[in-house]
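Data first, discussion second: the structure below is written as structure tokens.
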Amino acid sequence: MRRPPLPRPLVAGASVAGLVVVLTFGAAVAPSRPSGSSTTAGPGSTGAPASGIAGLQRHLHEQPSDAASWASLGVAYLEEARETGNTAWYPKADDVLRRSLKEKPGNDGALAGLGALAAARHDFHGALRYADQALRANPYGQRAAAVRVDALVELGRYDAALAAARTADARRPGIPIFTRLAYVRELRGEVGEARRVLGLARASATERGDLAYIATQLGELAWNDGDLDRAGREYAEALRVSPGHLSALDGRARVQAARGDVKGALAGRAELVRRSPLPEYLSEYGALLEKAGRPDEARRQYAVASAWTRIARANGVDADLETALFEADHGDPKEALRAARAEYDRRCPDPKVRQCGVHAADALAWALHMNGRHEEALRYARQATATGYRHPRFRAHLRAIERSLGAAPEDTP
């Protein structure tokens, strides 16, 4: 069988001015999209699937000095955690990735895996350090390059993230890099170019998982623009090529709820939390149950979300961002503010930096608002929307904060 051609760089041969035209687009992410996004190399990842864990374990029982297989097992554990939301896989991944380094010090596969693990635990400074070490060992490592872009994005260093994505695209192009280039551009408000380059990525994709991921990201762009029809079509396409794709299920449920199909949205949300009980999914399901007049069931979802956070912390995850958003809407505003401030300061420790990660800025704005500190909140809400990223929650938070100050809401980009 003739193999499909390898992906070509999206910017090969482009002039500096042409880069703006060719490269623009926009978790996981992420990651990857932030917070709930993939934290391994994302679509196109070469890590062993969950079904390969047993095979790798058997192989390593027979060949315990195989450093590459220890690294692959660590990545497989991370992928299992991503798919199930079970953070108990993180300590296991840590152990086997460090075993890989013991067998072969400095190997880029283990270092990239440790970077992905750090990102999954929301230690983005650590993720960046490991990614840099891995790229020094192997400048063409796609997983390390993807982790590096993800870490820079989460730290709000969007110019550096764009530069890192361009470098990765020139060295080893592929779907994980293409989609990260897209996300960076989306964060910068360049939605048209984000959509165009995702289209180029779709044209080069062959794997069902990649096609579903790209369709979902195109659905997210449409959702953020308020185009429910287009978003619905893209989520449906993602589910057609990869039934049960988690992010597409989430998107479809949002579209159904927005159209008034509460029954369909509730069914989709129930399936989503059954498969991946992440706080974001649980909170959305609880809010929908409340709207449907089922408060007792909603409280059960919120209780599970709180339990997930406690378990995640025990497994080394910094869950302050999830805590801040959850507590601001469903719990203790003071705890929300504590967590939001801690997360913001962790991601953006230099007070002289004018732009921090937009998700941390939005969470801090909302927590301040829920504590009645509206003028402080406005500063961070404007920071969260200043890049041109059109996240509906960010814009809704900004409008609510402006209204609380008696100001006419600004037209956010």
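Residue numbers for the sequence shown follow this note's numbering, beginning at 45 and rising by one.
Even for Gly, the Cβ is constructed at its ideal location relative to N, Cα and C.
Roughly how many angstroms separate the alpha carbons of K378 and G243, rounded to a whole number? Taking the first residue of the sequence shown as position 1, residue 378 is located at position 334. Taking the first residue of the sequence shown as position 1, residue 243 is located at position 199. Taking the straight line from one Cα to the other gives about 44 Å.
Any heavy atom of the ligand MN closer than 7 Å to the CB of F438? This structure lacks the ligand MN; in fact it carries no ligand of any kind.
For the alpha helix (DSSP H) that contains G233, what are its first and last residues? Taking the sequence shown and counting its residues from 1, one reaches residue 233 at position 189. Run containing G233: none; DSSP gives neither H nor E here.
Quick test of your reading: L365 and A407, contact by CB under 8 Å. State the CB separation rounded to the nearest angstrom. Walking along the sequence shown from the start, residue 365 turns up at place 321. Walking along the sequence shown from the start, residue 407 turns up at place 363. Going by Cβ atoms, the distance from L365 to A407 rounds to 6 Å, so yes, they are a contact pair.
Exposed or buried, which one is P135 when buried takes at least 16 other CB atoms within 10 Å? Indexing the sequence shown from 1 puts residue 135 at position 91. That one is exposed.
Considering Y121, what are the terminal residues of the alpha helix (DSSP H) in which it resides? Stepping through the sequence shown from its first residue, residue 121 is reached at position 77. First-last of the alpha helix (DSSP H) with Y121: 111-128.
Alpha-carbon to alpha-carbon, I219 and T68: Taking the first residue of the sequence shown as 1, we reach residue 68 at position 24. Taking the first residue of the sequence shown as 1, we reach residue 219 at position 175. Legend: pLDDT at T68 = 23, less than 50; position of this residue unreliable, no value from coordinates given.
So, with DSSP's three-state summary, where would you put V361? What you label residue 361 is simply residue 317 of the sequence shown in a count that begins at 1. In the structure shown, V361 sits in coil (DSSP, three-state: anything other than H, G, I, E or B).
Express the C-alpha separation of D271 and G450 in angstroms, rounding to a whole number. The residue you call residue 450 lines up with position 406 of the sequence shown. The residue you call residue 271 lines up with position 227 of the sequence shown. Per the coordinates, the alpha-carbon of G450 lies some 30 Å from the alpha-carbon of D271.
What does the alpha-carbon distance come out to for the pair G375 and A301? Taking the first residue of the sequence shown as 1, we reach residue 375 at position 331. Taking the first residue of the sequence shown as 1, we reach residue 301 at position 257. Each residue's Cα considered, the two are about 24 Å apart.
Closest by C-alpha distance to T128, when choosing among S327, G401, G288, G337: Stepping through the sequence shown from its first residue, residue 128 is reached at position 84. When the alpha-carbon of T128 is set against those of S327, G401, G288, G337, the nearest one is in G288.
Do the region 419-428 and the region 216-231 meet, that is, are 3 or more Cβ pairs less than 8 Å apart? no
Host alpha helix (DSSP H) of P377 (start-end): The residue you call residue 377 lines up with position 333 of the sequence shown. Start and end: 377-391.
Could you check if A74 is buried or exposed, using at least 16 other CB atoms within 10 Å of its CB as the buried criterion? Taking the sequence shown and counting its residues from 1, one reaches residue 74 at position 30. Unreliable placement is indicated for A74, whose pLDDT of 33 sits below 50; no coordinate value is reported for it.
Quick check on S327: does DSSP put it in helix, strand or coil? Your numbering for residue 327 matches position 283 in the sequence shown. S327: helix per DSSP, three-state reduction.
With distance defined between alpha-carbon atoms, name the residue in R284, E281, G276, A358 nearest to R303. Reading the sequence shown from its first residue, position 259 is the one you call residue 303. For the residues R284, E281, G276, A358, the minimum Cα distance to R303 belongs to G276.
Apart from the five residues on each side of it in sequence, which residues of its chain come closer than 6 Å, Cβ to Cβ, to R205? If you number the sequence shown from 1, residue 205 lands on position 161. The question names Arg, yet the displayed sequence has Ala at residue 205. Once the five neighbours on either side are set aside, the close Cβ partners of A205 are V193, L196, V197, V228.
CA-CA distance, R390 and G263? As a working note, residue 390 is residue 346 in the sequence shown. As a working note, residue 263 is residue 219 in the sequence shown. Roughly 31 Å separates the two Cα atoms.
In three-state DSSP terms, what is R401? Within the sequence shown, residue 401 is the residue found at index 357, counting from 1. With the sequence shown as reference, residue 401 is identified as Gly, and Arg is not the correct amino acid for it. Correct three-state label for G401: coil.
Whole-angstrom distance between A282 and A314, CA atom to CA atom: Here residue 314 refers to the residue found at position 270 of the sequence shown. Here residue 282 refers to the residue found at position 238 of the sequence shown. Spanning the two alpha carbons is a distance of roughly 19 Å.
Can you give me the C-alpha to C-alpha distance between S320 and K146, rounded to a whole angstrom? By 1-based counting over the sequence shown, the position of residue 320 is 276. By 1-based counting over the sequence shown, the position of residue 146 is 102. Here the alpha carbon of S320 sits roughly 33 Å from the alpha carbon of K146.
Whose C-beta lies closer than 6 Å to the C-beta of I97 among residues of the same chain, with five residues either side of it excluded? Stepping through the sequence shown from its first residue, residue 97 is reached at position 53. So the list reads A120, once near-sequence residues are dropped.
Since I believe L265 is in contact with V402 (beta carbons under 8 Å), could you give me their beta-carbon distance rounded to a whole number of angstroms? What you label residue 402 is simply residue 358 of the sequence shown in a count that begins at 1. What you label residue 265 is simply residue 221 of the sequence shown in a count that begins at 1. Contact flag wrong, Cβ pair sits at about 16 Å.
Can you list, in chain order, the residues of its chain with a C-beta nearer than 6 Å to that of A115? Leave out the 5 residues immediately preceding and following it. As a first step, residue 115 is located in the sequence shown; it is residue number 71 there, counting from the start. So the qualifying residues of the chain are S144, G153, A154, G157.
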